[in-house]
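Notes follow once the structure below has been shown.
Numbering (the numbering used here), first residue to last: 2 to 351.
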């Protein structure tokens with residue numbers, strides 16, 4: 002597996018640009034650049050999920066397993082951070098018009114795509130001989146339960162969107178108060194869900210809120226961090242040191258939330274200096290939702306074939322290729338279907 006990490010590193014290095022001293026990539030939060038970063042992390046998610054279906058015993062696998070253990074849930078933090086940042090940026094531009102559209106354009110759209118994916122999983126799992134009770138099936142459509150799919154992330158995203166909608170409907174253009182409300186609601190979410198779900202279901206959720214806070218205070222933060230090379234290096238050293246200290250403590254909820262936020266800081270600081278952007282990462286990043294949600298389908302199907310699953314690298318390559326194909330088809334199909342339903346709904350309303 003370590004060889005695959007080198008391949009990912011090679012993809013990242015392709016057309017990578019490094020800025021000189023006292024110069025920075027000020028477009029590090031642009032859609033183009035954040036899409037590429039999401040592409041990197043969804044590849045890491047793919048590898049992390051893949052190893053759940055195989056046994057890795059080779060000495061060449063050990064370094065990757067160590068890295069996987071080290072990163073843990075941190076590989077999803079940037080998805081949440083960029084989501085929170087992007088939503089507040091949209092709210093700042095479109096004001097309450099965008100807030101009022103969150104239920105339709107954010108919550109329902111994510112739920113629509115996710116539910117179609119859940120249907121696909123139910124069909125595949127049924128063919129493979131799995132059975133679920135009615136309660137599990139019903140709750141799987143909101144991400145509370147799983148039918149073999151990755152569900153916790155979608156449930157968390159749906160809740161953060163709902164928190165955002167509620168908070169801004171209450172406080173409207175008072176951004177500080179609205180984001181504070183989202184923060185409090187996220188804290189309540191952690192307290193409640195921790196009684197029902199494993200820690201990975203909630204221990205990175207504050208990264209979404211961090212994205213909103215960063216959007217609100219980005220200019221002030223950049224004035225400090227990017228003032229000169231010394232302030233940048235100092236910010237990097239402090240973040241790296243604090244991040245290292247978090248590994249000295251057990252992975253309690255609060256500690257892991259802090260670790261997640263510090264990891265986000267490190268990624269942001271790196272992207273200020275290093276630009277990752279090429280057509281491979283861009284394509285993967287644009288299909289991040291479908292790749293993230295659907296990747297387990299080929300993993301489950303090919304797992305049933307002992308000939309393929311016993312050959313780890315052939316198994317992985319086939320899973321990756323099939324995931325790319327079905328993700329592309331899925332995104333095209335759901336987009337057309339959603340737009341058609343939306344059009345019919347609009348026509349009916351008028």
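Beta carbons: idealized from backbone N, C-alpha and C, even for Gly.
Given the structure is predicted, the values throughout are model-derived calculations rather than measurements.
Residue range 97-102 is occupied by the alpha helix (DSSP H) that includes residue 97.
Annotation note: the stretch 219-248 contains the following uninterrupted alpha helix (DSSP H) runs of length 4 or greater, listed N- to C-terminal: 230-247. Around the beta carbon of residue 40, 16 or more other beta carbons sit within 10 angstroms, so the residue counts as buried. When only Cα atoms are considered, residue 226 and residue 270 end up about 9 Å apart. Assignment of beta-bridge partners to residue 18 by DSSP yields 276. Rounded to whole angstroms, the gap between the alpha carbons of residue 299 and residue 175 is 46 Å.
The beta-carbon separation of residue 313 and residue 46, rounded to 18 Å, does not stay under the 8 Å limit for a contact.
For residue 152, the closest alpha carbon among the candidates 184, 209, 338 and 141 is that of 141. For residue 335, the secondary structure class from DSSP, reduced to helix, strand or coil, is helix. Burial is judged here by how many other beta carbons sit within 10 angstroms of a residue's own beta carbon; residue 97 has fewer than 16 and is exposed. Residue range 135-141 is occupied by the alpha helix (DSSP H) that includes residue 136. Per DSSP, reduced to three states, the secondary structure at residue 79 is helical.
Taking all protein chains shown into account, residue 324 has 16 or more neighbouring C-beta atoms within 10 Å of its C-beta and is therefore buried. Scanning its chain for C-beta atoms nearer than 7 Å, with the 5 sequence neighbours on each side dropped, one finds around residue 17 the residues 275, 276 and 277, in chain order. Out of 126, 112, 5 and 92, the CA that lies nearest to the CA of residue 335 is found in 112. DSSP, reduced to helix, strand and coil, places residue 206 outside both helices and strands of the structure shown, so it counts as coil.
Pairing residue 81 with residue 259 gives a Cβ-Cβ distance that is not under 8 Å. Here the stretch 237-245 makes no contact with the stretch 55-72; the two share fewer than three CB pairs at distances below 8 Å. Across the structure, residue 57 and residue 338 are spaced so that their CA atoms are roughly 41 Å apart. Here the alpha carbon of residue 75 sits roughly 6 Å from the alpha carbon of residue 261. Relative to the Cα of residue 12, the nearest Cα in the group 24, 181, 44 and 31 belongs to 44.
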